[in-house]
Amino acid sequence: MSNHGYSQNKSQDTCRAGQTGQSLSHCTSPTLGSVPEHHQHSYSGASSSWSVPFIGSPNARYETFKIRPGLGRGKSFLRRSRETISDDEGYDMSLLKSAAPLGSSDPQDAAAANEPVEPVFDVSFFSGPMGSQDEEFLRNLQQQEANGKLTGGLGAGLGMNPNTRINGEELLTTSPTLKRSFSRSLSFRQKPTIKGLGQTEANKRGEVIEVIIEEPSDIDLSSMVCPSPLGIDPNHMRRTTLPVAQSKTEVFYPQPNWKPFSMRWPYLLSLILVSLGLSIGVELLCQKSALEPLMRFKSGDDISPLDYFVLKFVPTLITVSYGVLWQITDNEVKRLEAFYQMSKEGGALAAESINVDYITQFNFTRPFRASQRRHYAVVVSSISTLLAVSLVPTLGTACLVLNPSREERRQRSDVEKTIIINPVLSRLLSSAFVLLALLGSGLLYQLQSRRSGLLADVKGIAGLASMAVVSHIMTDFKDMDVSKPKDIHYRLRNHRYVLRNSSLAPDDENPPSTQEADRYTISHLPENPHPLMLRAEGGMPFIFSIALFLGFIPLFLFTPVSVLTDKAPWVVTALAVAIKLSWGSLETAIRMMEPYYILSKRHASAKTLTLDYTAVPFGYVALRALWNKHWMVALVGFGTVLAETLTIFVTGLATVEGKLFLDKIQAPPDPNHAGGGLGSKTPDQSLNGGQETFLSASVSVLFTVFILVYMAFVSTIVFTRRRHPFLPRQPNTIASVLAFMHQSKMLYDFVGTAKFSNAEMVRKLEGIGKTYGLGWFEGRDGQTHCGVDEEELTGSYKHGIDYSQGNKPWDTEWQTF
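Going by full-length UniProt numbering, the residue at position 286 of the sequence shown is 286; the numbering climbs one at a time, nothing skipped.
Next up, the structure:
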């Protein structure tokens, strides 16, 4: 397309349409010559407009032409030539919406300005050869982008034409479950009821609907007084004395309600029932233990392999698995809370939605941050997960008590040993399960009483890009390419955003109140562009703590410090839980940063834009990363599984008699002994000081050491290879991600993909055949920006160096090189 063709079409449209009160003689047409001034007649009242035929023309006929809305009322006909062949007399029903009510006048009837219409263009020619006209056209587009006007279909708007129009009274009468009082049935001003019915109808139909609301106007007795005073327009005071129906319309967008399975009622209800079942089970075991010990034995060899497994691993395995189930739900609640906030009526402020971070926050501070923003689903989910992951396994280990004491067992190795349940700790554990069931019920109510507004899962950069290209939300991130989270917070804190029709949009018509504006004056987002666990401040202490815990194992096994584990065996479990939580923070950082690390290497495939490891369930992330050949993510994901099993094996070490274990290792083999194993009755196979055999103690020690060595090794590799920042800021919020691509040319490829599934998005991007990278690029406005865009980029990102100032050596800080 060339500028010449566009200009010619535009001149023809201008000639045909014209403006009210202007002469058509100033316009020329390729088919019609100049029109005499006395032969021009035009009507421009409604949207469906037509023109009177030109007198004396041999081809006299009606010719339709398009008039843009808001041109005012047209002129009346002055005369009609006899040569004119007129159509049958009739009424154009499309003109009825321009008619004024009888006996009244509209004081605000004025002609609107005639604004030029933005041309439609094809951006596919950007990659081809460009002539002088194309370059001029491209500069025009860049100037529009620089002025804050989106081009190429971006920012087309949410206001799609309603698919259906419904009368409000009809909507009320067709709702059999609606009960209204007599006083409220006389008016349609019950916004909650009407909005509820309209929204329900839109959700049921799955399409945009427009509800026509008719309100009887109030009787104005001022029109019955004497002549109007001086200085007041009499037409303005002229009103009908009879009620005239005034109609208004409200548009309702469908609100989809997609949510992952871990946030749906079957999963949450099962979690509640499991909590209640575990509470009842713990209480029954406690009462049984009060009547008779759960197990009696003199040595570990007296315990059958099945009983040993049930005693040794099942309690801890149950509590650890229970915590994992809560973690799966908690991860999804934290990830999708921003969309829930924007989908509610009235939307949410930026600090409550697109600029909120629950993924990388510390576990113990997250409930407090969420309560400040009144995100009660996150509060309930975070508290429940903390209790299920840390308190429940610790109490589960502490409940099982081995009698008699370790000192007495050492003095009399043949004394009968019993395993009982501590009544106090078991009651605490049972109460914790009941509390978790109540919290689960509250979370179930929170998640089922509101809609997510999502059609499908929002995965990766592509998921956010497809939701942001419909509205003009990208203009809010101007000049935020390398801005810090604090700067983004201050610029967006008074902005409100909504999720409508599967698209993100700013709500400029609903400004925040003074109380809301003063609520979020401080940003709590991290300013460092690298997550804590990937920096020296977090990575080195974590590696050092693993080494300390590894050295603590022989200390409490083979030294007098073992008395600590005898008096308080839960201490070892608590330390293992702390290691597990810290490893979870490391895994979260690796999951979040992996797509951007791949993009920073340049020329990444289209799948990278849809890659999102934060949405992958526990355990499956290691397999998924292996399939994608993302080795670092696979190593860390497998370490997460080992961190959960660490709690199980470490718990068994608290009851191992280290001195007897060493004696058994140093003792020479018995030539008269054959066989052995857990079920062996040979006395030398048993560590008579406790419930462990030599084989079981060896397995617990070896697996514990292996897990800790693996975690130390992997965390060292992660710190060595990923300690350098490769982003201007962390991509931990929706606002941070959108700021990385607000001027990207790749956004043109996402126009019309707001309702695509992840598979459809992958097929579309792979069909385009582009590669992508993270660095410096020339944006749609012709300026240099930093972020994610299609290749070729103008340069890679290096932390601390502003590439956009590279052509200005006098402004470059050379000391940073």
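Backbone N, C-alpha and C define an ideal beta-carbon position, used for all residues, glycine too.
Could you tell me if residue i is buried or exposed, where buried requires 16 or more neighbouring beta carbons within 10 angstroms of its beta carbon?
{"i": "H799", "result": "exposed"}
{"i": "Q411", "result": "exposed"}
{"i": "R373", "result": "buried"}
{"i": "residue 898", "result": "In this structure the chain extends from 1 to 817, so residue 898 is not present and cannot be described."}
{"i": "R451", "result": "buried"}
{"i": "E345", "result": "exposed"}
{"i": "R366", "result": "buried"}
{"i": "L702", "result": "exposed"}
{"i": "L525", "result": "buried"}
{"i": "K179", "result": "Annotation note: pLDDT 46 at K179 (below 50); position unreliable, coordinate value reported separately. Its Cβ having fewer than 16 others within 10 Å, K179 is exposed."}
{"i": "E115", "result": "Unreliable placement is indicated for E115, whose pLDDT of 45 sits below 50; the coordinate value is still reported in the next sentence. By the neighbour-count rule (16 or more Cβ atoms within 10 Å), E115 is not buried but exposed."}
{"i": "Y803", "result": "buried"}
{"i": "Y620", "result": "exposed"}
{"i": "F740", "result": "buried"}
{"i": "G584", "result": "buried"}
{"i": "E416", "result": "exposed"}
{"i": "T720", "result": "exposed"}
{"i": "W265", "result": "exposed"}
{"i": "Q22", "result": "Because Q22 sits at a pLDDT of 41, beneath the cut-off of 50, its placement in the model cannot be relied upon, and the following sentence gives the value as read from the coordinates. Burial call: exposed."}
With DSSP as the reference, identify every bridge partner of residue i, one or two as the case may be.
{"i": "S696", "result": "In DSSP, S696 forms no bridge with anything."}
{"i": "N403", "result": "T418"}
{"i": "K248", "result": "I213"}
{"i": "H785", "result": "F777"}
Note down the Cα distance separating residue i from residue j, rounded to an integer number of angstroms.
{"i": "G460", "j": "F649", "result": "37 Å"}
{"i": "I212", "j": "G153", "result": "30 Å"}
{"i": "P731", "j": "N528", "result": "11 Å"}
{"i": "L428", "j": "F339", "result": "37 Å"}
{"i": "V392", "j": "Y596", "result": "36 Å"}
{"i": "S744", "j": "E778", "result": "8 Å"}
{"i": "F549", "j": "I522", "result": "38 Å"}
{"i": "I543", "j": "S466", "result": "40 Å"}
{"i": "R722", "j": "M592", "result": "13 Å"}
{"i": "F598", "j": "N422", "result": "The question names Phe, yet the displayed sequence has Ile at residue 598. For I598 and N422, the distance between alpha carbons rounds to 52 Å."}
{"i": "K567", "j": "M632", "result": "40 Å"}
{"i": "S299", "j": "A432", "result": "34 Å"}
{"i": "G787", "j": "R369", "result": "29 Å"}
{"i": "T651", "j": "T418", "result": "18 Å"}
{"i": "Y520", "j": "N510", "result": "17 Å"}
{"i": "F556", "j": "E407", "result": "15 Å"}
{"i": "S700", "j": "H630", "result": "31 Å"}
{"i": "L306", "j": "A578", "result": "30 Å"}
{"i": "L285", "j": "L311", "result": "13 Å"}
{"i": "L727", "j": "Y797", "result": "7 Å"}
{"i": "F713", "j": "S441", "result": "41 Å"}
Would a C-beta distance cut-off of 7 Å place residue i and residue j closer than the cut-off?
{"i": "A377", "j": "Q446", "result": "yes"}
{"i": "A517", "j": "N501", "result": "no"}
{"i": "G453", "j": "S353", "result": "no"}
{"i": "I546", "j": "L708", "result": "yes"}
{"i": "L425", "j": "A398", "result": "yes"}
{"i": "M533", "j": "L492", "result": "no"}
{"i": "I384", "j": "L336", "result": "The displayed chain sequence assigns Ser, not Ile, to residue 384. It is not a contact, given that the beta carbons lie outside the stated cut-off."}
{"i": "V274", "j": "E210", "result": "no"}
{"i": "M480", "j": "I473", "result": "no"}
{"i": "D781", "j": "Q142", "result": "yes"}
{"i": "F638", "j": "A615", "result": "no"}
{"i": "G347", "j": "R496", "result": "yes"}
{"i": "R602", "j": "G773", "result": "yes"}
{"i": "A536", "j": "K580", "result": "no"}
{"i": "L747", "j": "V469", "result": "yes"}
{"i": "M711", "j": "T610", "result": "no"}
{"i": "E332", "j": "S390", "result": "no"}
Comparing alpha-carbon positions, which option in the options lies nearest residue i?
{"i": "V282", "options": "E509, G551, S430, R624", "result": "S430"}
{"i": "P485", "options": "R729, L774, L325", "result": "R729"}
{"i": "F364", "options": "S381, P617, G769", "result": "S381"}
{"i": "A351", "options": "T151, I734, M263, R624", "result": "I734"}
{"i": "L645", "options": "D612, A712, I553, L317", "result": "Looking at the sequence shown, residue 645 is not Leu but Thr. Among D612, A712, I553, L317, the Cα nearest to that of T645 is on L317."}
{"i": "T573", "options": "G396, L765, C286, I359", "result": "G396"}
{"i": "N403", "options": "T394, I420, D414, L626", "result": "I420"}
{"i": "L197", "options": "E145, L150, Q255", "result": "Q255"}
{"i": "V737", "options": "S483, L635, N147, S698", "result": "S483"}
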